[in-house]
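Start counting the sequence shown at 769; every next residue gets the next number (this note's numbering).
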Amino acid sequence: MKIDIDIYEALSYMGIRGKDIPEDMLDLVKKAKAETEAIIKPRFIYSKFYISAENEKILLLGTDVSFKGLDIYNHLKNCYSCCLIAVTVGNDVDKHINRYMLKDKAFALAIDACSDDAVEQLCDYVEAQIKREYKNITYRYSPGYGDFDLSIQAKFLNLLNAQRRIGLSCTSTNILTPRKSVTAVIGIGE
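So this is what it looks like as C-alpha cells:
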C-alpha cells in the first residue's frame, strides 16, 4: 500500500490549524513528509474471531481471551464476530525521530506527526478492506479507549502472531513497539 501523507493532517497533529500557516512551517512538514514516506514500511494483519457476549465481557471463542469492560462490551455485544487488527509503519520511523530529537527537535516533531497520519491512513485502509469483506461492521476500538484495558495488548498481539508476521510487540507496560503502530477491534454484525 502506498501512503500519501496529508501535510495538513500532519500540521493538525502538531497543533497547527488554520489558513495562515507560516511558509517555513509548511516547508518543514513537506520535507518531513518526503522523508517519512521514504522510510515507512506499512504492514498490517487482521484475523476474524467468533465472539460471545456474556456477563458484560466479550469472549473470543476458541481462545482463552476475553475483553472486559463495559465500553468494549457495549461496542461488540450485538456482533457475532470481530476482527482484531494490528498495523505498523515500522521501526525506521522510531529511529529517525530519536536521531532528529538530538539535533533538530522541530523536524523530529514533524516526522512524528507525518507518521501519525501514515498510521491513521493504514488503519483506514484496513477498516475499508474489512468493510468490503463483511459489510456490516462497527468502527474500530482500541485497547486503552474508555475502560478497554491496555493490559490486553500482549494477548491481543499473540492471537495475531504479530511479532512474527509484522514485527509488532509490546513492552511490559503494554506500549506498542514500534511506537507508530495501532491495535484495534472491529465488530462484525449480521
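From the three backbone atoms N, C-alpha and C, an ideal C-beta is built for every residue, glycine too.
- For Phe916, no alpha helix (DSSP H) encloses it, and the DSSP letter there is neither H nor E.
- Cys850 is positioned such that its CB atom lies closer than 8 Å to that of Ile956.
- For Glu822, the pairing in a beta bridge is given by DSSP as Lys825.
- Per DSSP, the beta bridge partners of Gly955 are Cys850.
- Taking the CA atoms as reference points, Ser910 sits about 11 Å from Asp839.
- If you look at Lys871, you'll find it in the alpha helix (DSSP H) that goes 859 to 871.
- For Asp880, the CB contacts under 6 Å within the same chain, skipping 5 residues up- and downstream, are Ile865 in chain order.
- Classified as exposed, Pro790 has fewer than 16 neighbouring CB atoms from the shown chains inside 10 Å of its CB.
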